[in-house]
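Student: What follows is a single structure, and I will ask about it in a moment.
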Amino acid sequence: AQSVTQLGSHVSVSEGALVLLRCNYSSSVPPYLFWYVQYPNQGLQLLLKYTSAATLVKGINGFEAEFKKSETSFHLTKPSAHMSDAAEYFCALRPYGQNFVFGPGTRLSVLP
Amino acid sequence: DGGITQSPKYLFRKEGQNVTLSCEQNLNHDAMYWYRQDPGQGLRLIYYSQIVNDFQKGDIAEGYSVSREKKESFPLTVTSAQKNPTAFYLCASSISSWSTNEKLFFGSGTQLSVL
Numbered sequence: 001a002q003s004v005t006q007l008g009s010h011v012s013v014s015e016g017a018l019v020l021l022r023c024n025y026s027s028s029v030p031p032y033l034f035w036y037v038q039y040p041n042q043g044l045q046l047l048l049k050y051t052s053a054a055t056l057v058k059g060i061n062g063f064e065a066e067f068k069k070s071e072t073s074f075h076l077t078k079p080s081a082h083m084s085d086a087a088e089y090f091c092a093l094r095p096y097g098q099n100f101v102f103g104p105g106t107r108l109s110v111l112p
Numbered sequence: 001d002g003g004i005t006q007s008p009k010y011l012f013r014k015e016g017q018n019v020t021l022s023c024e025q026n027l028n029h030d031a032m033y034w035y036r037q038d039p040g041q042g043l044r045l046i047y048y049s050q051i052v053n054d055f056q057k058g059d060i061a062e063g064y065s066v067s068r069e070k071k072e073s074f075p076l077t078v079t080s081a082q083k084n085p086t087a088f089y090l091c092a093s094s095i096s097s098w099s100t101n102e103k104l105f106f107g108s109g110t111q112l113s114v115l
């Protein structure tokens with residue numbers, strides 16, 4: 001069965017510090033992988049997606065993620081956190097021909 | 001602007017009552033989805049529809065019903081059989097359900113609470 005795990009339900013960083021949100025997946029076939037962001041009381045917005053064209057994927061708002069097949073990981077990073085990055089982040093996979101599978105989410109807090 | 005509109009933003013249900021959540025999209029997307037979001041559990045799929053007049057159960061369909069009479073609309077009814085309905089409900093759409101690399105577009109959600 002396909003699954004997504006996100007290490008750390010809550011991550012706190014200082015403004016200007018590196019953001020690292022972890023995502024590991026389990027899939028019997030190479031999946032498509034996505035990162036979404038959710039601001040309070042809002043829907044989800046796509047940050048970036050991996051579709052096998054390149055292992056390092058750049059997204060919006062300065063975020064990027066690297067697909068590592070050997071580690072079954074798709075961690076999200078941003079070099080310098082901004083207060084506006086405080087939100088909940090969801091990693092998701094979509095196996096071919098199937099529906100999305102979402103991770104449990106990681107809430108990011110940015111401290112001044 | 002194209003997008004997905006969910007209404008109402010907040011909804012309260014009394015014991016034994018059915019309530020309907022509205023979802024409308026003007027993106028001309030074929031596929032529409034309903035997700036339930038509970039704290040710490042991510043999103044769980046309730047129902048999805050790949051085309052008008054057709055829909056399939058997701059992972060947690062019990063106590064819910066849907067219809068897809070128009071391409072633009074995919075309302076969700078939370079029935080009295082759903083004993084724990086308090087959650088944040090998200091509607092989403094995509095160009096089609098067949099194209100695996102297509103992203104989901106989300107509405108802004110409805111918070112349902114039990115009185």
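Chains A and B, in that order, are what the protein sequence lines are.
Heads up: the first sequence at position 45 corresponds to 45 in this note's numbering, and the numbers run straight through without jumps.
Heads up: the second sequence at position 103 corresponds to 103 in this note's numbering, and the numbers run straight through without jumps.
Cβ coordinates follow ideal geometry from the N, Cα and C atoms, glycine included.
I'd like to know if Asn61/A contacts chain B, where contact means its C-beta is closer than 8 Å to some C-beta of that chain.
Tutor: In the first sequence, counting from the first residue as 1, residue 61/A sits at position 61. Output row for Asn61/A: interface = no.
Student: Can you tell me which of the three DSSP states Ile60/B falls into?
Tutor: Taking the second sequence and counting its residues from 1, one reaches residue 60/B at position 60. DSSP, read as helix, strand or coil, puts Ile60/B in coil.
Student: Below 8 Å CB to CB, which residues in the same chain sit around Leu76/B once its five sequence neighbours on both sides are set aside?
Tutor: Sequence index remark: in the second sequence, residue 76/B carries index 76 (1-based). Result list for Leu76/B: Thr20, Leu21, Cys23, Trp34, Ile46, Tyr47, Tyr64, Ser65, Val66, Tyr89, Cys91, in chain order.
Student: Beta-carbon within less than 6 Å of Ser80/A's beta-carbon, same chain only, minus the 5 sequence neighbours each way: which residues are those?
Tutor: Counting from 1 along the first sequence, the entry for residue 80/A is found at position 80. Here the set comprises Gly16.
Student: At which residues does the beta strand (DSSP E) containing Phe88/B begin and terminate?
Tutor: Translated into the one-based positions of the second sequence, residue 88/B becomes position 88. Run containing Phe88/B: 87–94, per the beta strand (DSSP E) assignment.
Student: Are Phe67/A and Leu48/A closer than 8 Å when you measure CB to CB?
Tutor: Residue 67/A sits at position 67 when you count from the first residue of the first sequence. Residue 48/A sits at position 48 when you count from the first residue of the first sequence. Not a contact, by the Cβ cut-off of 8 Å.
Student: Taking just the CA atoms, how far does Leu76/A sit from Gly103/A?
Tutor: Your numbering for residue 103/A matches position 103 in the first sequence. Your numbering for residue 76/A matches position 76 in the first sequence. Roughly 13 Å separates the two Cα atoms.
Student: Using a cut-off of 9 Å between C-beta atoms, extract the partners of Phe67/A located in chain B.
Tutor: For the purposes of this step, residue 67/A is identified with residue 67 of the first sequence, where counting begins at 1. Scanning chain B for C-beta atoms nearer than 9 Å to the C-beta of Phe67/A yields nothing, as the closest lies near 13 Å away.
Student: So what's Asn24/A in DSSP terms, helix, strand or just coil?
Tutor: Here the question's residue 24/A lines up with position 24 in the first sequence. Here Asn24/A sits in strand by DSSP.
Student: Whose CA, out of Phe106/B, Leu112/B, Thr110/B, Gln111/B, lies closest to the CA of Gln25/B?
Tutor: Position 25 of the second sequence, counted from the first residue, corresponds to residue 25/B. Looking at the Cα atoms, Phe106/B is the closest of the given residues.
Student: I need the boundaries of the beta strand (DSSP E) containing Lys68/A, first residue and last residue.
Tutor: Along the first sequence, read from residue 1 onward, the residue named residue 68/A stands at position 68. Here the beta strand (DSSP E) through Lys68/A covers 64–68.
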